[in-house]
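Engineer: Before I ask anything, here is the structure I am working with.
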Amino acid sequence: MLNAKNGVSIPQGWAVDAKGRPTTDPVDVSERLSSGTPIPEAVACELQNLAKRLGVTLSFQ
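See below:
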């Protein structure tokens with residue numbers, strides 16, 4: 005979101021456009037995320053891993 009606001013491109017391989025092609029345009033990504041489209045798979049996996057670690061941590065306390 006900050007990259008889109010500041011006009012700075014994102015690294016290659018971090019996101020895809022609406023047609024599934026790799027993009028470095030942060031505006032494409034911010035528009036897709038705000039429109040309710042699915043988040044990139046890597047981000048979803050990281051969120052899942054974070055939730056697992058948090059659950060394990062809380063279960064041992």
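Numbering (my numbering), first residue to last: 5 to 65. From the three backbone atoms N, C-alpha and C, an ideal C-beta is built for every residue, glycine too.
Whose C-alpha, out of C49, T61, V33 and N53, is nearest the C-alpha of K9?
Structural biologist: V33
Engineer: Buried or exposed, going by whether 16 or more other CB atoms sit within 10 Å of the CB of P30?
Structural biologist: buried
Engineer: A19 by DSSP, collapsed to three states: which one?
Structural biologist: The answer is strand: DSSP assigns A19 an E or B state.
Engineer: Specify the secondary structure class of T61 as computed by DSSP and reduced to three states.
Structural biologist: helix
Engineer: How big is the Cα-Cα spacing for R28 and I14?
Structural biologist: A small fix is needed here, since residue 28 is Thr in this sequence, not Arg. Using only the alpha carbons, I get a separation of about 5 Å.
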